[in-house]
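Only one structure is covered here, and it is reproduced in the block below.
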Amino acid sequence: TARVLSGIQPTSDSFHLGNYLGAVRQWVALQDDFEAYYFIPDMHAITAPHDPVALRERTLISVAQMLAVGVDPDRSTIYVQSHVPEIAQLTWVLSCITGFGEANRMTQFKDKAAKQGTDSAGVGLFTYPILMAADILAFQVDRVPVGEDQRQHLELTRNLAQRFNSRFGETFTVPEAHIVAETAKIYDLQNPTAKMSKSADSDAGLINLLDDPKRSAKKVRSAVTDNEREIRLDWENKPGVSNLLSIQSALTGTPVDDLVSGYEGKGYGDLKVDTATVLADFVAPLRGRVDELMSDRAELDAILARGADRAREVAAQTLASAYDKVGFLPRR
Ligand code: TYM
Numbered sequence: 004t005a006r007v008l009s010g011i012q013p014t015s016d017s018f019h020l021g022n023y024l025g026a027v028r029q030w031v032a033l034q035d036d037f038e039a040y041y042f043i044p045d046m047h048a049i050t051a052p053h054d055p056v057a058l059r060e061r062t063l064i065s066v067a068q069m070l071a072v073g074v075d076p077d078r079s080t081i082y083v084q085s086h087v088p089e090i091a092q093l094t095w096v097l098s099c100i101t102g103f104g105e106a107n108r109m110t111q112f113k114d115k116a117a118k119q120g121t122d123s124a125g126v127g128l129f130t131y132p133i134l135m136a137a138d139i140l141a142f143q144v145d146r147v148p149v150g151e152d153q154r155q156h157l158e159l160t161r162n163l164a165q166r167f168n169s170r171f172g173e174t175f176t177v178p179e180a181h182i183v184a185e186t187a188k189i190y191d192l193q194n195p196t197a198k199m200s201k202s203a204d205s206d207a208g209l210i211n212l213l214d215d216p217k218r219s220a221k222k223v224r225s226a227v228t229d230n231e232r233e234i235r236l237d238w239e240n241k242p243g244v245s246n247l248l249s250i251q252s253a254l255t256g257t258p259v260d261d262l263v264s265g266y267e268g269k270g271y272g273d274l275k276v277d278t279a280t281v282l283a284d285f286v287a288p289l290r291g292r293v294d295e296l297m298s299d300r301a302e303l304d305a306i307l308a309r310g311a312d313r314a315r316e317v318a319a320q321t322l323a324s325a326y327d328k329v330g331f332l333p334r335r
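For UniProt numbering, add 3 to where a residue sits in the sequence shown, where the first one is 1.
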């Protein structure tokens, strides 16, 4: 069976709606047809200033959220990145075939480095995409379900795999990004030309899955739209309306065209109220499920221990092969 793999950073107390619709929802769907690997990249999370106590807690609550939305530990391998040391070892090898200029072209690095201040940004932020390539290549993965913002990192990963293979011989599967067009980019409700992100200046346009559903519904009802009245999908002229239509469509499974015909003769108020209701219904059970999962720490630990064992088995094989190909002397 083909393999899928993806990760979500433990940098917040809650996944946001963009994380879910852009990525994690696909993880749930793909675990039926693929051998699936889903993990928490805690090593990526220390590329920005962070609080160690919060990181540990967020790593656990991220796992609980994955489970709460339907990632199944019996079908998918669930693990924490730092539990699989082979990933860091492979990162070194890959970093030696990555061009400095190539790494320097990563737009997410530039954005984040600008935010941290170019002098205080760590080297880890610079090599972040190489660690991500190792995450993927260590598992000989065919598909990587992510949102649009990860596309450039996937391109780098593919280039590194191809380069290594042609320089040292066939070693890595060249992975493909799995990006679902309709939900590849969910936008900030207050600033609908910017992606929904936990690092936005204000959280008024951010929907956290674990927030009080009433609060989230209110945020949707206060979403920025435009000065017209017509409800149609038009990302250029009506980004706010288009964002609400695609969120409602994704959560209900109703095609956008059908939603649009249903709103003929109705106004933005109806669109907002309906989308708010659909969203509130979706998030309502999540907080309780997560609390329940968090209350059984032994069970979470057991899932992660099993996941780490399985993940290490696979990653160790790839690492051994890569070490051999580059000419490291085997220890006898
Ligand atoms: P992260 O933690 O920033 O985001 C997790 C996933 O959510 C997607 N996403 C969005 N999708 C649609 N609309 C949005 N507004 C939105 N915001 C975030 C992201 O594209 C991502 O799929 N570098 C990765 C984590 C990572 C990883 C990996 C992913 C580390 N190693 C290996 C895949 C494979 C990141 O920071 O995602």
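Don't be surprised by glycine CBs; every beta carbon is placed ideally from N, CA and C.
R6 places its beta carbon less than 8 Å from that of D145.
Closest in C-alpha terms to E233, from the list S15, Y266, E60 and Q193, comes Y266. Per the C-alpha coordinates, the member of Q34, L70, I43 and Q119 positioned closest to H86 is I43. For P148, DSSP records a beta bridge to H181.
Where E316 is concerned, the enclosing alpha helix (DSSP H) starts and stops at R300 to V329. Rounded to the nearest whole angstrom, the C-alpha separation of M109 and A220 is 36 Å. Short note on K115: C-beta not closer than 7 Å to any heavy atom of ligand 1. Distances between the C-beta of L282 and the heavy atoms of ligand 1 are all 7 Å or more. DSSP places V31 in the uninterrupted alpha helix (DSSP H) bounded by R28 to L33. Secondary structure of T255 (DSSP, three-state): helix. Residue range S79 to V83 is occupied by the beta strand (DSSP E) that includes I81.
Between the alpha carbons of T257 and F171 lies a gap of roughly 49 Å. Taking C-alpha positions only, K198 is separated from F18 by approximately 14 Å. Linking I133 to S98 through their CA atoms gives a straight-line distance of about 6 Å. Residue pairing of F42 in beta bridges, as defined by DSSP: G10 and Y82. Within 7 Å of the C-beta of S85 there is not a single heavy atom belonging to ligand 1.
At a Cβ-Cβ threshold of 8 Å, T80 and A314 count as neighbours. Here K198 is bridged, per DSSP, to Y190. In this structure the region 32 to 46 touches the region 65 to 80; the number of beta carbon pairs closer than 8 Å is three or more. When C-beta atoms of the region 278 to 292 are compared with those of the region 305 to 314, fewer than three pairs fall below 8 Å, so the two segments do not count as touching.
Sixteen is the threshold: since fewer than 16 other Cβ atoms of the shown chains lie within 10 Å of the Cβ of F103, the residue is exposed. Just so you know, the alpha carbons of Q34 and V74 end up roughly 8 Å apart. Residue state for N230 is assigned as coil, using DSSP reduced to three classes. Excluding sequence positions up to five before and after H181, its CB lies within less than 8 Å of the CB of V7, Q29, L33, R146, V147, P148 and V149, all in the same chain and listed in chain order. In this structure, L248 has its beta carbon at no less than 7 Å from each heavy atom of ligand 1.
With a threshold of 7 Å, the Cβ atom of S245 does not count as near ligand 1, since no heavy atom of the ligand is closer than that.
The Cβ atoms of L247 and V263 lie no closer than 8 Å to each other.
The region 183 to 190 makes contact with the region 10 to 24, as at least three CB pairs between them are under 8 Å. With respect to the 8 Å criterion, L128 and A116 are classified as neighbours on the basis of their beta carbons. For P55, the enclosing alpha helix (DSSP H) stretches over residues P55 to A71.
Judged by DSSP secondary structure, Q165 falls within the alpha helix (DSSP H) whose first and last residues are R154 to F171.
Per DSSP, the continuous alpha helix (DSSP H) segment holding L274 begins and ends at Y271 to V286. Excluding the 5 residues flanking it on each side, D138 has same chain C-beta neighbours closer than 8 Å at L8, G10, F42, P44, Q84 and I90, in chain order.
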